[in-house]
Amino acid sequence: MDPVKSQSPSSVSMTKEQGTVKESALPEVVLDKPDDAAIFLAEHDGKYEPLTPEEEKKAIRKTDWILLPCLFWTATWGAVDKVSLSTAAIFGLRTDLNLHGQQYSWLSSILFIGSLVGMWPMSIMVQKFRTGKVLACAAVGWSALTLLQCSCHNFAGLASLRFLMGFLECVIVPGCSLMISVFYKKSESPHRTALVFAFGSSIINGALSALASTFGSAIPTWKYIYLLVGSISFVWSCCMVWFLPDSPINSKWLSDREKVFMVKRMASNKTGVSSNDFKWDQVREAFMDPRTYIVMLFNFGINIPNGGLSTFNAIIIKNLKFTSVQASLMGMPTGVIASLAAFGFTWLAARWNNKRCLVAIISLVVPLIGAVICYASPQSNTGAQLAGLYMMYFYFSSYVVMISLVQANTAGNTKKAVTYGFNYLGYAGGAITGTQTFRTKDAPKYSVGFASMMVGYCVCMALSALYWAICILMNKKKEKKMEAAGEVEDQLQLDGLEDEEVADLTDYKQCHFKYTT
1 MDPVKSQSPS SVSMTKEQGT VKESALPEVV LDKPDDAAIF LAEHDGKYEP LTPEEEKKAI
61 RKTDWILLPC LFWTATWGAV DKVSLSTAAI FGLRTDLNLH GQQYSWLSSI LFIGSLVGMW
121 PMSIMVQKFR TGKVLACAAV GWSALTLLQC SCHNFAGLAS LRFLMGFLEC VIVPGCSLMI
181 SVFYKKSESP HRTALVFAFG SSIINGALSA LASTFGSAIP TWKYIYLLVG SISFVWSCCM
241 VWFLPDSPIN SKWLSDREKV FMVKRMASNK TGVSSNDFKW DQVREAFMDP RTYIVMLFNF
301 GINIPNGGLS TFNAIIIKNL KFTSVQASLM GMPTGVIASL AAFGFTWLAA RWNNKRCLVA
361 IISLVVPLIG AVICYASPQS NTGAQLAGLY MMYFYFSSYV VMISLVQANT AGNTKKAVTY
421 GFNYLGYAGG AITGTQTFRT KDAPKYSVGF ASMMVGYCVC MALSALYWAI CILMNKKKEK
481 KMEAAGEVED QLQLDGLEDE EVADLTDYKQ CHFKYTT
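The sequence shown stops at residue 517 when you use UniProt numbering, and every number in between is there.
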């Protein structure tokens, strides 16, 4: 199907029989090839009665109860595989592998270097192939690599495996974000994003590490940790290869009638539902969009604490005179705090209309205070150090709120994949920086690490405000264009849907697209 360009007031619709595009009335707009949703709706036109309100709620609840746990556990096991290094370190890994200097920090950094290398290949795969299958197959790969880590006996071997893990794990954020954006409306995505990316890894990692410490001394405890985590993750990932969908169109739990409803409601997002066509014009637009770089820099700043805390939190706690088992257990509240903070602030973001950037700014105040406490308090003040450490995990809520903004404000399937790739570039870069600011020579106080966090939080506040201002200006620009054209309401229709909503257009090309602030 060739792209159709409308040079005069014209509009587009698709016939059920031919799946072709016809001209009818609409202001100047360029329509790309419709995505799979348009084809699906054309094929099922008139086949089913609309769902009743009760049936609609049931279909959405069913998706909540099935899809969200699938994405949550896939993302969480990937995170557990990654952060197990922190607890493995306090159970003898550093001694057994004879790590010295910054080698431990580099074991964390090299995973994110692998993510930087894999970011673009994996982003392209998510776009060109079935998202669910790419995500699940990558999960199988990183689970297998986790199991192999217990066979390592030196820095080089473990570093090589963690590099490959990073290459595969970089698909988690773009893959899960893309899935949420095609199953849920803009107003529904913030708190569901918070659930999918809930900070469950700290809780699970702490519990499994404490459990592994009871397995005896046949092999070192840190190897038991990797065997336990890797085995569970591998079994789960294999199940997801068969079950995880890409969009409502191929969801196993929805009937065809429910799929039609889900696709129609998702079309109102105007961000695309499903398309495997890689479009270079959307790639160019993603590179030219200033918001792409603002969010990338935000992710860089907010993940400086992520890199440092995920690698050193168990070590920091143990340095406060706790045992290894106590340190692993006392790391568990960090996951609870981060998750509750994310749920609370995303709930506020979803209900406080067009104030998500402000919510992100407010949520950064708490971790900033926490970093100040850890920086200023003496190491002997265990209570203050723990309080500051726990407060810093509020950073996660601003990260999730900004992810939901990108989901809401990026249209076009290829543009979304590229934009999510840029987001992960910032994520990985910030995490690498965070791990390197915690230097061996600064132990146990790690003043440089905490200072870098304070700078990161302040920069992220400024970037959130800048993103807010740019979206307001872009909305005003669109309104002026519509007023100049005498437009009052959209006249594009496809069986009752706007053609803009199913033609895989980017947010720039849709004259009626409104940016969420």
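For every residue, glycine included, the Cβ atom is placed at its ideal position computed from N, Cα and C.
- Nearest to K47 by CA position, among V241, K259, L97, V448, is which residue? Position 47 of the sequence shown, counted from the start, is the residue given in the question as residue 47. Answer by Cα proximity: K259.
- Selected residue, minimal CA-CA separation from I204, among T52, G412, F72: In the sequence shown, residue 204 corresponds to position 204, counting from 1. Comparing Cα-Cα distances from I204 to each of T52, G412, F72, the minimum goes to F72.
- Query: Between the Cα of C239 and the Cα atoms of F112, C70, R257, which residue gives the shortest distance?
  - Reply: By one-based count along the sequence shown, residue 239 stands at place 239. Of the candidates F112, C70, R257, the one whose C-alpha sits nearest the C-alpha of C239 is C70.
- Query: Cβ atoms of Y427 and V126: under 8 Å apart, would you say?
  - Reply: As a first step, residue 126 is located in the sequence shown; it is residue number 126 there, counting from the start. As a first step, residue 427 is located in the sequence shown; it is residue number 427 there, counting from the start. Not a contact, by the Cβ cut-off of 8 Å.
- From W280 to A417, what distance separates their C-alpha atoms? Counting from 1 along the sequence shown, the entry for residue 280 is found at position 280. Counting from 1 along the sequence shown, the entry for residue 417 is found at position 417. Their Cα atoms are separated by approximately 12 Å.
- Item | In chain order, each alpha helix (DSSP H) run of at least 4 residues that lies wholly inside the region 193 to 224 | 200 to 212
- Apply the 10 Å Cβ neighbour rule to S447 and answer buried if 16 or more other Cβ atoms are within range, or exposed otherwise. Reading the sequence shown from its first residue, position 447 is the one you call residue 447. S447 is exposed by the Cβ-count criterion.
- Item | Contacts around T419, its chain only, beta-carbon distance under 7 Å, and the 5 residues preceding and following it disregarded | Walking along the sequence shown from the start, residue 419 turns up at place 419. Shown here for T419: same chain residues with a beta carbon closer than 7 Å to its own, the five before and five after excluded, namely A286, T292, V406, T410 in chain order.
- Message: Starting from R356, trace the alpha helix (DSSP H) in both directions and tell me its first and last residue.
- Response: Taking the first residue of the sequence shown as position 1, residue 356 is located at position 356. Counting along the chain, the alpha helix (DSSP H) containing R356 begins and ends at 356 to 363.
- Query: Is the beta carbon of A314 less than 8 Å from the beta carbon of Y375?
  - Reply: In the sequence shown, the residue the question calls residue 314 occupies position 314. In the sequence shown, the residue the question calls residue 375 occupies position 375. The answer is no: Cβ separation not under 8 Å.
- Message: Judging by CA-CA distance, which residue of D45, G230, G429, I66 is the nearest neighbour of L150?
- Response: One-based indexing of the sequence shown puts residue 150 at position 150. Reading the sequence as shown, one finds Cys at residue 150 and not Leu. Cα-wise, what sits closest to C150 is G230.
- Query: Is it buried or exposed for S86, if we count other Cβ within 10 angstroms and need 16 for buried?
  - Reply: Within the sequence shown, the letter at position 86 stands for residue 86. Under this definition S86 is a buried residue.
- Taking buried to mean at least 16 other C-beta atoms within 10 Å of its own C-beta, is K415 buried or exposed? Here residue 415 refers to the residue found at position 415 when the sequence shown is read from its first residue. K415 should be labelled buried.
- Item | Local conformation of L473 per DSSP, three classes | Position 473 of the sequence shown, counted from the start, is the residue given in the question as residue 473. Three-state result, L473: helix.
- Verify whether the separation of the beta carbon atoms of T131 and L178 is less than 8 Å. Residue mapping note: residue 131 aligns to position 131 of the sequence shown, counting from 1. Residue mapping note: residue 178 aligns to position 178 of the sequence shown, counting from 1. At the C-beta level, T131 and L178 come within 8 Å of one another.
- Query: My guess is that M194 and T346 are in contact by the Cβ rule of under 8 Å, so how many angstroms apart are they, rounded?
  - Reply: In the sequence shown, the residue the question calls residue 194 occupies position 194. In the sequence shown, the residue the question calls residue 346 occupies position 346. Per the sequence shown, residue 194 should be read as Ala rather than Met. Going by Cβ atoms, the distance from A194 to T346 rounds to 4 Å, so yes, they are a contact pair.
- Taking just the CA atoms, how far does M266 sit from S189? Here residue 189 is taken as the residue at index 189 of the sequence shown, counted from 1. Here residue 266 is taken as the residue at index 266 of the sequence shown, counted from 1. Their backbone Cα atoms lie some 12 Å apart in a straight line.
- Query: Ordered along the chain, which non-local residues of its own chain (more than five positions away) have a Cβ less than 8 Å from that of R94?
  - Reply: For this step, residue 94 is matched to residue 94 along the sequence shown. Taken in chain order, the residues that qualify are Y104.
- Item | Where the alpha helix (DSSP H) containing D45 begins and where it ends | As a working note, residue 45 is residue 45 in the sequence shown. From DSSP, D45 is part of no alpha helix (DSSP H); its letter is neither H nor E.
- Contact check, G331 vs G456, beta carbons under 8 Å: Counting from 1 along the sequence shown, the entry for residue 331 is found at position 331. Counting from 1 along the sequence shown, the entry for residue 456 is found at position 456. In this structure, G456 does not lie closer than 8 Å to G331 by Cβ.
- Query: Which runs of the alpha helix (DSSP H), 4 residues or longer, sit entirely within the region 61 to 130?
  - Reply: Uninterrupted alpha helix (DSSP H) stretches at least 4 residues long and entirely within the region 61 to 130 occur at 103 to 128, given in chain order.
- According to the Cβ coordinates, are S109 and I316 closer than 8 Å? Against the sequence shown, residue 109 aligns to sequence position 109. Against the sequence shown, residue 316 aligns to sequence position 316. For S109 and I316, no; Cβs fall outside 8 Å.
- Within this structure, are the beta carbons of M165 and L111 separated by less than 8 Å? As a first step, residue 165 is located in the sequence shown; it is residue number 165 there, counting from the start. As a first step, residue 111 is located in the sequence shown; it is residue number 111 there, counting from the start. Yes. Within cutoff.
- Any Cβ of chain C within less than 8 Å of the Cβ of T87? The displayed structure is made up of one protein chain only, and chain C is not part of it.
- Hey, A350 and S397: beta-carbon distance below 8 Å or not? Position 350 of the sequence shown, counting from 1, holds the residue named residue 350. Position 397 of the sequence shown, counting from 1, holds the residue named residue 397. No, the pair does not count as a contact, with Cβ atoms beyond the cut-off.
- Within 10 angstroms of its Cβ, does P248 collect 16 or more other Cβ (buried), or is it exposed? The residue labelled residue 248 in the question sits at position 248 within the sequence shown. Label assigned to P248: buried.
- Can you round the beta-carbon distance between A159 and L107 to whole angstroms, since I take them to be within the 8 Å contact cut? Within the sequence shown, the letter at position 159 stands for residue 159. Within the sequence shown, the letter at position 107 stands for residue 107. The pair is a contact, with the Cβ atoms about 6 Å apart (cut-off 8 Å).
- Message: Less than 8 Å between the beta carbons of F234 and L147, yes or no?
- Response: Locating residue 234 in the sequence shown gives position 234, counting from the first residue. Locating residue 147 in the sequence shown gives position 147, counting from the first residue. Yes. Within cutoff.
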